[in-house]
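These notes are about the structure you will find just below.
In my numbering, the protein residues as written are 32 to 145.
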């Protein structure tokens, strides 16, 4: 996900139409739901990762900034690297138990392991 604040051009680089105007979405980001209302799932995946296992957290509803903050806290607790991409938190290794433990301790009661 890009952190720059440029409007999306939908792949348009140049237009010969003199009346062309680029569409800019002005919709606000969804508000972050309360932690006890989040239906999060934690699963292990190895596909497209050269056989390396990663734990993926899905189902977060809210702003990207809040998701990135949650990802940073989870990476710090697990003591491993990871990333926040496409609305998912990716943690290196099989950290499902640690992630679920941290989520339940911090009020994410509907979190479950798959």
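Ideal Cβ positions, reconstructed from N, Cα and C, are used throughout, including at glycine.
Check the C-beta distance from residue i over to residue j and give it rounded, since I have them as a contact under 8 Å.
i: residue 75; j: residue 84; result: 6 Å
i: residue 73; j: residue 145; result: 7 Å
DSSP state of residue i, grouped into three classes?
i: residue 62; result: coil
i: residue 126; result: coil
i: residue 141; result: coil
With distances taken Cα to Cα, identify the nearest neighbour of residue i among the options.
i: residue 115; options: 80, 51, 87, 50; result: 87
i: residue 111; options: 123, 44, 82; result: 123
i: residue 139; options: 125, 117, 89, 121; result: 89
i: residue 141; options: 49, 51, 69, 119; result: 69
i: residue 133; options: 49, 109, 81; result: 109
i: residue 64; options: 52, 53, 93, 81; result: 93
TODO: Could you say if the stretch 122-134 and the stretch 100-108 meet the contact criterion of at least three C-beta pairs nearer than 8 Å?
DONE: As far as the Cβ criterion goes, the stretch 122-134 touches the stretch 100-108, which means the pair count is three or higher.
- [ ] Please list the segments of the alpha helix (DSSP H) lying wholly inside the stretch 68-118, counting only runs of 4 or more residues, in order along the chain.
- [x] Entirely contained in the stretch 68-118, the alpha helix (DSSP H) runs reaching 4 residues are, in chain order, 95-109.
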